[in-house]
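Numbering (UniProt numbering), first residue to last: 1 to 517.
Using N, Cα and C, we set each Cβ at its ideal position, and we do this for glycine too.
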């Protein structure tokens, strides 16, 4: 018997080979160990997550203690050398930024009556030039300015060690003392039950893809494809230059790899061709100034949106349709490229799925701003795991897809979210009895059916495009049929009602009336 890819009754490759089934428990055990370690270190507060995950509004807009800074006011801050300024650089969609915001507010409140210490905040989605110039590579990022007064550069606060307001205050006081500056605060006492050290505010990487409506309908799948395209554009326009104004070195190499991965694995030949054009253009030089990159993107988008399927797929990096946050968009994009039939029409070498996963890992390392999310994702995906997944490349084309699904569901569990898909959505995905809770126990999973479900949602090919176009073409016809059917039903009802009129007046009377013009 051949060890190569096998065909099922539909003529498609069997999703998961015996080799992968033998290897999967080891992969899962290694990941569960990592997840357990993360859970031991940080307890997830589900309520705080649910309060922040859909909120992307700016922070501190009504604060009495934290000043929102723009380009002009930030420049003024840099010139106020007699004042110690502490600035929180944040992203509104970042859950850790939103969780840190009340701690920052409390810390600022401590210094309310101190004349030489001020607190500010910068929304890095609006003030990208400031954040890039200040080298903010992860969020939230806090910098202290004018310590000592003649210092040109700000001092970055180690965020991981200063999650709570009292930790922030202790760090401030320590830095001031080290530089012979007195704030005037003699004692900081902020022990409350709310800030008990036994409670760690933590969010794991993930904004679970929203299982809204009929996930497998053409309309929802098309919207999901648009979200994947929008998120890809976001990585180009925001991610590549996050915290910097120059794309070079390792970041440049990672950017090229990511674009090439999309040119290989993103759905639809038109879209892959568009990504390949971008890859060819960006390789014309190995160092990109942000201003030059913006010009390149303007030219590329004009071409790509004209040729993409659907048209204008890359129109706006903020045009998410189903998702409400960037992390949801990233999950959508990652699932989409890992269920693709990897193609490379004009590239010499075909990519393996483990190589696509390696490219995803580079995106998280270099172009994703949420520091804790990044750290947890990388714990889930060490290089050793990629090596294990590469062993299944040849005979299990969906091994990476099922691994990403596994990882996503462990994130869901840490966020107190249900497993996806639910048993109601996919009754044959799990071997469970009655009300038995769903789990990632290999003996309880029908992985081939899970793969079928995942691909039915995230996989797109030319055949799907034909179906979608046919659906759009036939919709007016179906509407017309529906209208005619409704009219026939109305006429039938009127005839039924008129039948009593016939009985009352007689058939002769009806014949007379029937001929009245």
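Buried versus exposed, by CB contacts within 10 Å (16 or more), residue i
i, result
"residue 297", "buried"
"residue 402", "buried"
"residue 336", "buried"
"residue 229", "buried"
"residue 320", "buried"
"residue 428", "exposed"
"residue 75", "exposed"
"residue 441", "exposed"
Terminal residues of the alpha helix (DSSP H) in which residue i lies
i, result
"residue 331", "326-338"
"residue 109", "95-110"
"residue 177", "165-178"
"residue 77", "71-79"
"residue 364", "353-367"
"residue 518", "Since the first residue shown for the chain is 1 and the last is 517, residue 518 is missing from the structure and cannot be characterised."
"residue 83", "Segment: none, residue 83 is in no alpha helix (DSSP H) and carries neither H nor E."
6 angstroms Cβ shell around residue i - same chain, five flanking residues per side excluded
i, result
"residue 581", "With the chain represented from 1 up to 517, any question about residue 581 goes unanswered, as that position is not in the structure."
"residue 176", "183"
"residue 290", "241, 245"
"residue 73", "none"
"residue 56", "92, 93"
"residue 359", "257, 258, 261"
"residue 326", "93"
"residue 135", "243"
"residue 287", "248"
"residue 565", "It is not possible to answer for residue 565, since the shown part of the chain is limited to 1 through 517."
Option nearest residue i by Cα separation, candidates the options
i, options, result
"residue 264", "320, 179, 230, 354", "354"
"residue 155", "166, 142, 167", "142"
"residue 459", "441, 332, 130", "332"
"residue 365", "254, 228, 119, 441", "254"
"residue 368", "60, 427, 258", "258"
"residue 294", "107, 278, 88", "278"
"residue 80", "94, 147, 111", "147"
"residue 376", "421, 165, 396, 407", "407"
"residue 409", "381, 136, 439", "439"
"residue 275", "252, 288, 301, 287", "301"
"residue 127", "248, 58, 215", "58"
"residue 226", "266, 238, 250, 249", "266"
"residue 425", "100, 457, 163", "457"
"residue 312", "216, 222, 329, 238", "222"
"residue 145", "328, 234, 303, 118", "118"
"residue 84", "306, 179, 95, 405", "179"
"residue 231", "95, 316, 310, 129", "316"
Proximal residues to residue i (C-beta, below 8 angstroms), its chain only, five neighbours per side dropped
i, result
"residue 455", "339, 398, 401"
"residue 132", "241, 242, 243, 244, 245, 290"
"residue 374", "138, 205, 364, 365, 368"
"residue 432", "423, 438, 444"
"residue 378", "361, 364, 365"
"residue 61", "68"
"residue 283", "256"
Collapsed DSSP secondary structure at residue i in the structure displayed
i, result
"residue 155", "strand"
"residue 313", "coil"
"residue 88", "strand"
"residue 272", "helix"
"residue 453", "helix"
"residue 411", "helix"
"residue 242", "coil"
"residue 66", "strand"
"residue 380", "helix"
"residue 301", "helix"
"residue 547", "The structure shown does not extend to residue 547, since the chain is modelled only from 1 through 517, so no value can be given for it."
"residue 286", "coil"
"residue 458", "helix"
"residue 429", "coil"
"residue 370", "strand"
"residue 445", "strand"
"residue 406", "helix"
"residue 184", "coil"
"residue 134", "coil"
"residue 350", "coil"
"residue 292", "helix"
"residue 129", "helix"
"residue 279", "helix"
Continuous beta strand (DSSP E) stretch holding residue i: start and end
i, result
"residue 118", "117-123"
"residue 264", "That residue, residue 264, is in no beta strand (DSSP E); its alpha helix (DSSP H) goes 249-265."
Same chain, Cβ closer than 7 angstroms to residue i, neighbours up to 5 away in sequence not counted
i, result
"residue 389", "354, 357, 399, 400, 403"
"residue 393", "352, 353, 354"
"residue 405", "450, 454"
Neighbour flag for residue i against chain C, beta carbons, 7 angstroms
i, result
"residue 83", "In the displayed structure, chain C is absent; only one protein chain is listed."
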